[in-house]
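S.K.:
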Amino acid sequence: MRDAGEEITDSLSCLHAIEHFGLGRYGDPIDVTGHERGISNLVRMLKNNGILYISFPIGRTDQVHFNAHRVFHATSVLNHDSIKLNMTLERFDYVDDLGNLKLREPVDGDATKVRYGCGIYTFRKTNSQAPA
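First residue of the sequence shown: 0, per numbering that gives the first Met the number 0; consecutive thereafter.
#1: Among the residues of its own chain, which have a CB less than 8 Å from the CB of Arg114, if the five just before and after it don't count?
#2: Skipping 5 residues on each side, what residues in its chain have a beta carbon closer than 6 Å to that of Arg24?
#3: Do the CB positions of Val31 and Ser81 come within less than 9 Å of each other?
#4: By Cβ distance below 6 Å, which residues in the same chain neighbour Gly37 in space, the five residues on each side in sequence not counted?
#5: I'd like to check one pair, Asn47 with Glu6: are the Cβ atoms closer than 9 Å?
#6: According to DSSP, is Asp107 helix, strand or coil?
#7: Classify Val76 as helix, strand or coil using the three-state DSSP reduction.
Have a look at this one:
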């Protein structure tokens, strides 16, 4: 995966893609940190004050489902260095196990109990000085 340019856009979405990065399913090379590199590149591409919309499967634990996709605990993305250093979570929505859309929920609330759902995050880049 090639690194992306820096601060080239004020809005970026990555919807149901990051969970596939680095697993080799789509011809990409195996890279166990592919999702982490992908997140860093997304953050790097955003201008200061830019918005990142990102969604991916959420569950009770971080998991890899062979070469298909990853599932992340709802709070895992908050621990990624480029997110911690550069981004503020503005909104968290999710789809629960029953298919119900939950809007403007705390990321560390009931979403952490979902067996297999979808997390939908809205981040704002608040610090473009720290390395992504």
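Positions of the beta carbon are idealized from the N, C-alpha and C atoms, including for glycine. Values in this document were obtained by computation on a predicted structure and should not be read as measured data.
M.R.: Judging by the given coordinates:
#1: Locating residue 114 in the sequence shown gives position 115, counting from the first residue. Taken in chain order, the residues that qualify are Gly58, Arg59 and Asp96.
#2: One-based indexing of the sequence shown puts residue 24 at position 25. Asn66, listed in sequence order.
#3: Here the question's residue 31 lines up with position 32 in the sequence shown. Here the question's residue 81 lines up with position 82 in the sequence shown. No. Outside cutoff.
#4: Taking the first residue of the sequence shown as position 1, residue 37 is located at position 38. Contacts found: Ile17 and Phe20.
#5: Walking along the sequence shown from the start, residue 6 turns up at place 7. Walking along the sequence shown from the start, residue 47 turns up at place 48. Yes.
#6: Counting from 1 along the sequence shown, the entry for residue 107 is found at position 108. In the structure shown, Asp107 sits in coil (DSSP, three-state: anything other than H, G, I, E or B).
#7: As a first step, residue 76 is located in the sequence shown; it is residue number 77 there, counting from the start. Looking at Val76 - three-state DSSP - the assignment turns out to be helix.
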